[in-house]
Ligand SMILES: [Zn+2]
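In the numbering used here, the protein residues as written are 22 to 260.
In structure tokens, the structure reads:
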């Protein structure tokens, strides 16, 4: 390969690298997107969990209240029954005892009534919380969907740009010798999408390590491809 050839080949590789750098960055950005959406979905699902807990405690309270109402009904039934029996009693002693039983039953019912009232109030409190939570969740869902849409739009944008870049790549590649292209692509894959780097101020712009003057001289001779001794990337200089 002549001097002019290698120089122009390197220029071609630098051009290709510009395209590939953008492709590499866009691909890794795109790869991170599904994880982002998943994390957002998980966070939203977790927020829904609180709602589920509230709904469950409301059901519990309603069930407790119904049980208490049944209990109240049967206690009232008992008191009523005793009341009707009261006047059929023969002795004063029996009468007094029955009266006491009726009073006890009435006291029981009033305790149960208080409990039912409490359960009503607790239920109302939870209902209010559920209403608030519903509004908050609607707001959260709106935000979640907006963010998701933003990410999806960005993925679409990336795909469009990647298609453009692939087209540019196809235009550059025919000018590069196959063997050189193969070497470049090998390094590209193993070195985080960066295969050809500038040497500036005696340092490799790929790994920032010192490049000795004799290596710089070798680059300037354009006899063969020179790679960095540390990071193995192809080196070039700006003249
Ligand atoms: Zn290097």
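For each residue, glycine too, the CB sits at the ideal point set by N, CA and C. If you're wondering where the values come from, they're calculated on a predicted model, not measured in any experiment.
Under the three-state reduction of DSSP output, residue 131 falls in the helix class.
Here the segment 212 to 220 makes contact with the segment 28 to 45; the two share three or more CB pairs at distances below 8 Å.
Between residue 140 and residue 86, the C-beta gap is smaller than 7 Å, which places the two residues in contact.
When only Cα atoms are considered, residue 142 and residue 108 end up about 40 Å apart. Of the residues assessed, residue 33 falls on the buried side of the cut-off, its CB having 16 or more other CB atoms within 10 angstroms. When the Cα atoms are used, residue 153 and residue 78 turn out to be separated by approximately 15 Å.
Buried is the label assigned to residue 38, since at least 16 other Cβ atoms lie within 10 Å of its Cβ.
In the structure shown, residue 257 adopts extended strand secondary structure according to DSSP, grouped into three states.
In the DSSP annotation of this structure, residue 111 is not part of any beta strand (DSSP E), being labelled neither H nor E. Beta-carbon to beta-carbon, residue 240 and residue 258 are separated by about 5 Å, close enough to satisfy the 8 Å threshold.
The closest heavy atom of ligand 1 lies less than 6 Å from the beta carbon of residue 227. Judged by DSSP secondary structure, residue 218 falls within the beta strand (DSSP E) whose first and last residues are 217 to 221. For a cut-off of 8 Å, the C-beta gap from residue 129 to residue 101 is around 13 Å, too long to register as a contact. Short note on residue 251: C-beta closer than 6 Å to some heavy atom of ligand 1. With respect to residue 103, residue 122 sits close: the two C-beta atoms are nearer than 7 Å.
The Cβ atoms of residue 58 and residue 93 do not sit closer than 7 Å to each other. Secondary structure note for residue 251: it is in no alpha helix (DSSP H), with a DSSP letter that is neither H nor E.
Distance from the CA atom of residue 110 to the CA atom of residue 116, rounded to whole angstroms, is 6 Å. For a cut-off of 8 Å, the C-beta gap from residue 165 to residue 231 is around 50 Å, too long to register as a contact. The Cβ-Cβ distance between residue 218 and residue 225 falls below 7 Å.
Residue burial is scored here from C-beta neighbours: residue 251 has fewer than 16 other C-beta atoms within 10 angstroms and is therefore classed as exposed.
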